[in-house]
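Novice: This is the structure, below, for whatever I ask next.
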Amino acid sequence: MRDRQHASQPEPSRFESARFTDERPRVAPITRRTVTLGVSLLATAVLAAVALVVPTPYAMRSPGPTEDTLERNLIQIEGARTYDSTGQLRLTTVSVLGGPGYPMLSGQVIQGWLDPQRSVLPVEAIFPETTTKEQQQEVSQAEMVSSQESATAAALTELGYDVPAVLDVAGTEPGSGAEGKLEEGDVIDSFQGEPVGTYADLIDGLADTTPGDSVTLGVRRGERSMDVDVATTGNGERAVLGVFIDPHYDFPVDVSIEIENIGGPSAGTMFALGIIDKLTPEDEANGEIIAGTGTMSPEGTVGPIGGIEQKLYGAVRDDAKWFLAPAGNCDQVVGNVPDGLNVVKVATLAEARDAVEQIGRGEGGDLPTCP
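Take a look at the structure:
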């Protein structure tokens, strides 16, 4: 029997699958159309790159730093006992890119449009058209100094102090009853025959006046003293003189506020709350981190400010759970509150003080908010 022999076939090498030929990759011929297309793409890329660095007439608001007004050295008080607090009362700020001397580039504008925490506006919506960088800094610093004085006057008045002041007339509102009757540099000494020794005296007198009625002001003009009759105007339920007052205070307590690289008037409310907290034994904030904003008038009115959307984001970034917002800013607050932040609407220093105390007691849930 003949053995059947099976010739075993060698296993194919793993290299056999690669077939080597003399074929070379085909290269598309260079045509005029190809050259035109390449040049067009290159030109488009160059133009796009250049467009990103072109100066624009825009400015951008971004969340700025926040500062705790209860931090030991920010508000310093002499002439009265002060008290420590376990909470924080943080003023909020806005950082502005662009404006006089610092134009924004197109690429930065595009980034701002895509970021919900920022807002891009025409430069003139933030800065007056004729303002230079140096002028803007001077105005901002002057507003900061004025806000500190007004906050101090409001806080001490809220606490029951008498705050003597000389009430200088800085000007009159066009079309008001005071126009043409009072002059810059006049000093108001009396209201309806009663001496005016504090700013609160003048405000209290106006509070008892029906809008539209005339009042008699005792005025010093240089060496002369005179009585001037001024017709008030209506501002809601409140009589308005139409006079810009520049009060010069004689504070019964020495308050100094040391803060750098922040200007403008919008920290007034938080300054006033910080002064009140330091001068009262109660631990009002009681461990809570409360942020806020708003101008503060000497009589204790919280005024609206710009850039509140960015301030809300800045507050959340720095761990605040509560935010005191001026009632006049409610339109900008609605729809722009970040998650985790509770906004409380305030119109006066008394309301803001009460809100801080309720939050500190854990009772902030029923405080008014923007609708």
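Counting the sequence shown from 1 gives a position; my numbering is that position plus 211. Using N, Cα and C, we set each Cβ at its ideal position, and we do this for glycine too. Here the structure is a predicted model, which is why all the values come from computation and not from measurement.
Considering only DSSP beta bridges, list what Ser401 is partnered with.
Specialist: For Ser401, which the question treats as bridged, DSSP gives the partners Pro406, Gly429.
Novice: Please classify Ala478 as buried or exposed, where buried requires at least 16 other C-beta atoms within 10 Å of its C-beta.
Specialist: The residue in question, Ala478, is buried, as its Cβ has 16 or more Cβ neighbours within 10 Å.
Novice: Going by the CB atoms, is the gap between Ala563 and Thr480 shorter than 8 Å?
Specialist: Yes, the pair counts as a contact, with Cβ atoms nearer than the cut-off.
Novice: Mark Val545 as exposed unless 16 or more other C-beta atoms lie within 10 angstroms of its C-beta, in which case mark it buried.
Specialist: By the 10 Å Cβ count, Val545 comes out exposed.
Novice: With burial defined as no fewer than 16 other Cβ atoms inside 10 Å of the residue's Cβ, what is the status of Asp465: buried or exposed?
Specialist: Flag for Asp465 reads exposed.
Novice: What's the gap between the Cα of Leu417 and the Cα of Ala365?
Specialist: Their Cα atoms are separated by approximately 17 Å.
Novice: May I ask which residues mark the beginning and end of the alpha helix (DSSP H) holding Ala561?
Specialist: Unbroken alpha helix (DSSP H) run through Ala561: 560-571.
Novice: From Glu574 to Val527, what does the alpha carbon distance come to, in whole angstroms?
Specialist: About 20 Å.
Novice: Beta-carbon separation of Val557 and Ala538 under 8 Å?
Specialist: A contact, by the Cβ cut-off of 8 Å.
Novice: How about the stretch 266-278 and the stretch 451-463: do they share at least three Cβ pairs that are nearer than 8 Å?
Specialist: Output reads no: the stretch 451-463 does not touch the stretch 266-278.
Novice: So, for Gly382: in the same chain, excluding its five sequence neighbours on each side, which residues have a beta-carbon less than 6 Å away from its beta-carbon?
Specialist: These residues qualify, in order along the chain: Glu395, Phe455.
Novice: If you reduce the DSSP assignment to three classes, tell me which class Gly479 lands in.
Specialist: If DSSP states are grouped into helix, strand and coil, Gly479 belongs with the helices.
Novice: Let me know if Asn540 comes out buried or exposed under the rule of 16 or more other beta-carbons within 10 Å of its beta-carbon.
Specialist: Flag for Asn540 reads buried.
Novice: Keeping to the same chain, check which residues put their C-beta closer than 8 Å to that of Thr232; ignore five residues upstream and five downstream.
Specialist: The predicted position of Thr232 is uncertain, since its pLDDT is 48 and thus under 50; a value taken from the coordinates is nonetheless stated next. So no residue of the chain qualifies.
Novice: What are the start and end residues of the alpha helix (DSSP H) that includes Asp279?
Specialist: It is not in any alpha helix (DSSP H) - Asp279 instead sits in the beta strand (DSSP E) that spans 269-279.
Novice: Which residue from Gln346, Lys522, Pro579 puts its Cα closest to that of Thr559?
Specialist: Comparing Cα positions, the closest option is Pro579.
Novice: Report the residue from Val441, Asp415, Gly433 whose alpha carbon sits nearest the alpha carbon of Thr427.
Specialist: Of the listed residues, the one whose Cα sits closest to Thr427 is Val441.
Novice: Kindly list the residues whose CB is nearer than 8 Å to the CB of Ala291, restricted to its own chain and excluding five residues on each side of it in sequence; keep chain order.
Specialist: Only Val464, Leu490 meet the Cβ criterion.
Novice: With a CB to CB cut of under 8 Å and the five nearest residues on each side skipped, what residues in its chain are close to Gly584?
Specialist: Look at the range of the chain in this structure, 212 to 582, and you will see that residue 584 is not part of it.
Novice: Go ahead and label Ala353 buried or exposed: buried means 16 or more other beta carbons lie within 10 angstroms of its beta carbon, across all protein chains shown.
Specialist: Result: exposed.
Novice: Which partner residues of Pro537 appear in the DSSP bridge assignment?
Specialist: According to DSSP, Pro537 bridges with Val557.
Novice: Thinking just about the alpha-carbon of each residue, which of Asp400, Gly503, Asp494 is nearest to the one in Val305?
Specialist: With distances taken between Cα atoms, Val305 lies closest to Gly503.
Novice: Does the Cβ of Ala561 have 16 or more other Cβ atoms within 10 Å, making it buried, or fewer, making it exposed?
Specialist: By the neighbour-count rule (16 or more Cβ atoms within 10 Å), Ala561 is not buried but exposed.
Novice: Considering Gln521, what are the terminal residues of the alpha helix (DSSP H) in which it resides?
Specialist: Gln521 -> alpha helix (DSSP H) spans 519-528.
Novice: Between the Cα of Ser508 and those of Ala483, Glu289, Thr293, spot the shortest distance and give me the residue it belongs to.
Specialist: That would be Ala483, whose Cα lies nearest to the Cα of Ser508.
Novice: Kindly list the residues whose CB is nearer than 7 Å to the CB of Glu360, restricted to its own chain and excluding five residues on each side of it in sequence; keep chain order.
Specialist: Excluding positions up to five away in sequence, the list reads Tyr460.
Novice: Please go through the stretch 321-395 and give each complete alpha helix (DSSP H) segment of 4 or more residues, from N-terminal end onward.
Specialist: Counting whole runs of 4 or more residues, the stretch 321-395 contains the alpha helix (DSSP H) stretches 344-369.
Novice: Taking the beta carbon of Ala336 as the centre, do at least 16 other beta carbons fall within 10 Å, making it buried, or is it exposed?
Specialist: Exposed: under 16 other Cβ atoms inside 10 Å.
Novice: Check the C-beta distance from Gly571 over to Asn497 and give it rounded, since I have them as a contact under 8 Å.
Specialist: Indeed, because the Cβ distance is near 3 Å, the residues count as touching under 8 Å.
Novice: Here's the rule: buried if 16 or more other CB atoms are within 10 angstroms of the residue's CB, otherwise exposed. What is Gly576?
Specialist: Looking at its Cβ environment, which holds fewer than 16 other Cβ atoms inside 10 Å, Gly576 is exposed.
Novice: As a quick exercise: from Pro327, Ala536, Gly404, Ile501, pick the residue whose alpha carbon is nearest that of Gly514.
Specialist: Measuring from the Cα of Gly514, the nearest candidate turns out to be Ala536.
Novice: Closest to Ala270 by C-alpha separation, out of Val407, Arg329, Gly433, Glu384, would be which residue?
Specialist: It is Arg329.
Novice: Please go through the same chain and pick out, in chain order, the residues whose beta-carbon is closer than 7 Å to the beta-carbon of Val334, but skip the five residues on each side of it.
Specialist: These residues qualify, in order along the chain: Pro268, Tyr269, Ala270, Gly309, Gly310.
Novice: Mapping the DSSP letters down to three states, classify Ile473 as helix, strand or coil.
Specialist: The answer is coil: DSSP assigns Ile473 none of H, G, I, E or B.
Novice: Only counting the same chain, and skipping five residues up and downstream in sequence, which positions put a Cβ closer than 6 Å to that of Glu384?
Specialist: Gly453, listed in sequence order.
Novice: Are the Cβ atoms of Leu393 and Val377 separated by less than 8 Å?
Specialist: Contact flag unset, no.
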